[in-house]
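Remarks on the structure that follows.
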Amino acid sequence: MKKIIFILSIFFICTPAFAERYRAVDDNGTVALVLAVGNIDEAWGKHPLYGHAFLDIDSARLPSIDDRKYWKISGNSVIVDSVKKQSDIDLKSAKESGKDAVLAKLKISKDEFDKLVS
Amino acid sequence: MRRNILILALLLLMAKPAFSAVTTFDNTFVANDVFSSDFHTRLNANFSKSLTGGINNISTANIVDDTLTEADMADEINPRVRTYEGAACEFVYTGLLPVTSGTLSTTIGSGTAYPRGYRINKASSTAHSFTASKWTYVDIDQNGDFQYSEVAIGGSTPSVASNSIRLAKVSSDTSTVNTVTDLRRTSCANGPFSAISDTASEATLADVLQSGAPVRRFSNAGRTPQGFVQGFNVSYDTVSTFKVTAGSAYINGKYRAVSTDTTVTTSTDSPQDGTSGLDTGTVTGGPLQYCVYAVADQDSVKTPSFTYSTNCTAPAGVTNSRLIGSIRTDATNLFTSRDVVTAHSIANYETPFAWIRMEGNSGAPKIQRSFNISTLTENATGAWTVTFNNNPVSADYAVVQTCGSGGTATGNYLPVTGTITTSSTKFFCMNTAGATVTTPDVSAQFFGDNRK
């Protein structure tokens, strides 16, 4: 039993063999990912974002790329800024609702409208 | 008594002459022979036989081994003298140079030379009257006689006289011997390159230096540059001058080198005096390209001169030349720094100083291969910045960028270059709607002043 637990813990702890290591940098509210050809610390002094807060992280620990525009550095992680993301969702939803309301007044479907404007 | 006489006679008959393996005496003598009437005749005959058949006909068999010493040898055959004088080849050990004169009559100094291996020693100077207004090449032959070959001033160099070595070129005007050019070979340690190889029958140093085309196969004249060249880069200097950097080269069978940069002006050249410049006419009719040549038209000098010409096949008035590059004038006939080319080297603008091929997938950019790239930064989806290990001299460089789908003929990816600085470049891949997009395959090349 101990052996099974030990082996399972190795699988959980080990990172994928080919994960890239990046320096995630706070670029005025967004996250820039820096990949160095050689040693990142040797190259960092000449980088345009030198002086900004950063976190060295494996690609396996990054959030989904679908949420790329919502990434932010929080402590030792890169997380999705859920508030910002929800705000965008709400804004998009409001736009959709407004559009539907206009189409209802024009008494045409969305497909018909798209054909008219294309 | 009688027996003793008989023994003595037998000995005389059998004895061989001391100095000849083949000579024997025709006559013998006995007791009281001196009183015989033909004694003197027989004696003289034997002496004569000794001289002609022996003393005057000495061969190896007559010489006792290890008895000849160095002091016994004349200088002409003495190996110690030849070694001391460095005679491992045909050369001039000392002297034998003509001198200039206020008239056409002058002298050739005393000295020692080894034409065809013969040691020729001229113990005193030799007078000679040179022909007016000629170049006269002076040689010395294996008999110790001076040989004179005359050509018109400016004419081609004649061959060395038969069984001779060359000493000098004498230039005369209408009434004086005004110039003597030393053409002697004074050391056997100096080559020729054709006699130097690592192992017998392998390539000589001459083969190594005169074969092949360095860097570029073809020059801008279409000609294949031949043989060794190092340095001799053509570079812009001022609106009225350009420079050829220090260097060395094989030029049409001659080796030349100079350790300092040469400034070339708009004046006319004089290759036989070693003066650099324009081959003919004046710098006019611009904008024009001028081809620059390294020239070896002076005899027995170490350095080349440089001639430039609108003729990129052969400059006028030059015999031994090698194309080394080109320079341009503008519409006002001033030299310009644009497009200066050296035929045998790559200029700092001609190759990219950095390039990168990458996967531009958002959140996981990867560098597939790169040169002189320090970091790749994904600023956002479809937006990247690269920094360089070795920056170019300035931010005046060109960026050639592609955005690719990674193999499929779908999607729209437009390369857009952003901020360019000396140390970094920002670039994007966008769609036709102007939005940055994740791009599978991105590459960029950077061309500019690439000094290292």
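Chains A and B are the protein sequences, given in the same order.
According to my numbering, the first sequence is numbered sequentially starting from 114.
According to my numbering, the second sequence is numbered sequentially starting from 35.
The beta-carbon is built from N, C-alpha and C at its ideal position, and this holds for glycine as well.
Cβ of residue 233 (chain A) within 8 Å of any chain B Cβ: The question about residue 233 (chain A) has no answer here: the residues shown for chain A are numbered 114 through 231.
C-beta atoms of residue 204 (chain B) and residue 149 (chain B) nearer than 8 Å: Within the second sequence, the letter at position 170 stands for residue 204 (chain B). Within the second sequence, the letter at position 115 stands for residue 149 (chain B). No; because the gap between Cβ atoms is not below 8 Å, this pair is not in contact.
Beta-carbon proximity of residue 167 (chain B) to residue 208 (chain B), cut-off 8 Å: Within the second sequence, numbered from 1, the residue matching residue 167 (chain B) stands at position 133. Within the second sequence, numbered from 1, the residue matching residue 208 (chain B) stands at position 174. Against a cut-off of 8 Å, the Cβ pair of residue 208 (chain B) and residue 167 (chain B) comes out as a contact.
Below-8 Å beta-carbon distance, residue 243 (chain B) vs any chain A residue: Along the second sequence, one-based indexing puts residue 243 (chain B) at 209. By this cut-off, residue 243 (chain B) is not an interface position.
Member of B:89, B:414 and B:351 whose CA lies at the smallest distance from the CA of residue 189 (chain B): Reading the second sequence from its first residue, position 155 is the one you call residue 189 (chain B). Comparing Cα-Cα distances from residue 189 (chain B) to each of B:89, B:414 and B:351, the minimum goes to B:351.
Neighbourhood of residue 110 (chain B) by C-beta, 7 Å cutoff - its chain only, sequence neighbours within 5 removed: Numbered from 1 along the second sequence, position 76 holds the residue referred to as residue 110 (chain B). Excluding residues within five positions, the ones whose Cβ falls inside 7 Å are 153.
Closer than 8 Å to chain B by CB, residue 129 (chain A): By one-based count along the first sequence, residue 129 (chain A) stands at place 16. Because the pLDDT of residue 129 (chain A) is 46, which lies under 50, any placement of that residue in the model is unreliable, and the question is left without a value.
Residues within the stretch 397 to 430 of chain B neighbouring chain A, beta-carbon criterion of under 8 Å: 397, 398, 399, 400, 401, 404, 407, 408, 409, 410, 411, 412, 413, 414, 415, 419, 421 and 423
Within 7 Å of chain B by C-beta, residues of the stretch 132 to 150 of chain A in sequence order: 133, 140, 143, 145, 146, 147, 148, 149 and 150
Neighbouring residues, chain B, relative to residue 175 (chain A) (Cβ below 8 Å): For the purposes of this step, residue 175 (chain A) is taken as the residue at position 62 of the first sequence. Neighbours of residue 175 (chain A) on chain B, chain order: 397 and 398.
Assigned exposure category for residue 74 (chain B) - 16 Cβ within 10 Å defines buried: By 1-based counting over the second sequence, the position of residue 74 (chain B) is 40. Answer is exposed; the Cβ neighbour count stays below 16.
Cβ neighbour criterion (16 or more within 10 Å) applied to residue 431 (chain B): Counted from its first residue, the second sequence places residue 431 (chain B) at position 397. So residue 431 (chain B) ends up on the buried side.
Inside the stretch 376 to 401 of chain B only - beta strand (DSSP E) runs reaching at least 3 residues: 388 to 394
Range covered by the alpha helix (DSSP H) that runs through residue 153 (chain A): The sequence position of residue 153 (chain A) within the first sequence is 40, counting from 1. Run containing residue 153 (chain A): 153 to 157, per the alpha helix (DSSP H) assignment.
Distance between residue 368 (chain B) and residue 178 (chain A) (C-alpha atoms, nearest Å): Numbered from 1 along the first sequence, position 65 holds the residue referred to as residue 178 (chain A). Numbered from 1 along the second sequence, position 334 holds the residue referred to as residue 368 (chain B). Computed Cα separation, rounded: 58 Å.
Distance CB(residue 311 (chain B))-CB(residue 302 (chain B)) smaller than 8 Å: Taking the first residue of the second sequence as 1, we reach residue 311 (chain B) at position 277. Taking the first residue of the second sequence as 1, we reach residue 302 (chain B) at position 268. For residue 311 (chain B) and residue 302 (chain B), yes; Cβs fall inside 8 Å.
Per-residue DSSP class, three states only, for residue 162 (chain B): Working through the second sequence from its first residue, we reach residue 162 (chain B) at position 128. It is a strand residue.
Cβ-based contacts, 9 Å cut-off: residues of the stretch 185 to 215 of chain A near chain B: none
Segment contact flag, the stretch 432 to 449 of chain B with the stretch 403 to 415 of chain B, C-beta cutoff 8 Å, min 3 pairs: no
Inter-stretch contact (C-beta, 8 Å, three-pair minimum) for the stretch 222 to 232 of chain B and the stretch 119 to 133 of chain B: yes
C-alpha gap between residue 153 (chain A) and residue 136 (chain A), whole angstroms: Counted from its first residue, the first sequence places residue 153 (chain A) at position 40. Counted from its first residue, the first sequence places residue 136 (chain A) at position 23. Residue 153 (chain A) and residue 136 (chain A): Cα-Cα distance of roughly 8 Å.
Distance CB(residue 459 (chain B))-CB(residue 466 (chain B)) smaller than 8 Å: By 1-based counting over the second sequence, the position of residue 459 (chain B) is 425. By 1-based counting over the second sequence, the position of residue 466 (chain B) is 432. Contact flag unset, no.
Own chain residues within Cβ distance below 6 Å of residue 281 (chain B), not counting five before or after: The residue labelled residue 281 (chain B) in the question sits at position 247 within the second sequence. Only 264, 265 and 266 meet the Cβ criterion.
Short CB-CB distance (under 8 Å) between residue 457 (chain B) and chain A: Looking up residue 457 (chain B) in the second sequence gives position 423. Closer than 8 Å: yes.
First and last residue of the uninterrupted beta strand (DSSP E) at residue 336 (chain B): On the second sequence, position 302 is the one that residue 336 (chain B) refers to. Here residue 336 (chain B) belongs to no beta strand (DSSP E), and DSSP marks it neither H nor E.
Nonlocal neighbours in the same chain, by C-beta distance under 7 Å from residue 464 (chain B), ignoring five residues either side: To locate residue 464 (chain B), count along the second sequence from 1; it is residue 430. Closer than 7 Å at the Cβ level, and outside the excluded window around residue 464 (chain B), lie 416, 448, 450, 470 and 471.
Which of helix, strand or coil DSSP assigns to residue 201 (chain B): Numbered from 1 along the second sequence, position 167 holds the residue referred to as residue 201 (chain B). Three-state DSSP puts residue 201 (chain B) in a strand.
Bridge partners - residue 294 (chain B), DSSP secondary structure assignment: What you label residue 294 (chain B) is simply residue 260 of the second sequence in a count that begins at 1. None, per the DSSP bridge assignment.
Inter-residue Cα distance where the pair is residue 360 (chain B) and residue 182 (chain B): Within the second sequence, residue 360 (chain B) is the residue found at index 326, counting from 1. Within the second sequence, residue 182 (chain B) is the residue found at index 148, counting from 1. Their backbone Cα atoms lie some 42 Å apart in a straight line.
Where the beta strand (DSSP E) containing residue 223 (chain A) begins and where it ends: Start at 1 with the first residue of the first sequence, and residue 223 (chain A) comes out as number 110. It is not in any beta strand (DSSP E) - residue 223 (chain A) instead sits in the alpha helix (DSSP H) that spans 223 to 230.
Three-pair Cβ contact test at 8 Å for the stretch 367 to 381 of chain B versus the stretch 330 to 348 of chain B: no
Residue 297 (chain B) and residue 277 (chain B) closer than 8 Å at C-beta: Your numbering for residue 297 (chain B) matches position 263 in the second sequence. Your numbering for residue 277 (chain B) matches position 243 in the second sequence. In this structure, residue 277 (chain B) lies closer than 8 Å to residue 297 (chain B) by Cβ.
Residue 313 (chain B) and residue 347 (chain B) closer than 8 Å at C-beta: What you label residue 313 (chain B) is simply residue 279 of the second sequence in a count that begins at 1. What you label residue 347 (chain B) is simply residue 313 of the second sequence in a count that begins at 1. Against a cut-off of 8 Å, the Cβ pair of residue 347 (chain B) and residue 313 (chain B) comes out as no contact.
Nearest-angstrom beta carbon gap, residue 418 (chain B) and residue 479 (chain B) [assumed within contact, 8 Å]: Along the second sequence, one-based indexing puts residue 479 (chain B) at 445. Along the second sequence, one-based indexing puts residue 418 (chain B) at 384. The pair is not a contact, with the Cβ atoms about 14 Å apart (cut-off 8 Å).
Residue 217 (chain A) to residue 210 (chain A) span [Cα, whole Å]: Position 104 of the first sequence holds residue 217 (chain A). Position 97 of the first sequence holds residue 210 (chain A). Going from the Cα of residue 217 (chain A) to the Cα of residue 210 (chain A) covers about 11 Å.
8 Å Cβ shell around residue 217 (chain B) - same chain, five flanking residues per side excluded: Locating residue 217 (chain B) in the second sequence gives position 183, counting from the first residue. Excluding residues within five positions, the ones whose Cβ falls inside 8 Å are 171, 200, 201, 202, 203, 333 and 334.
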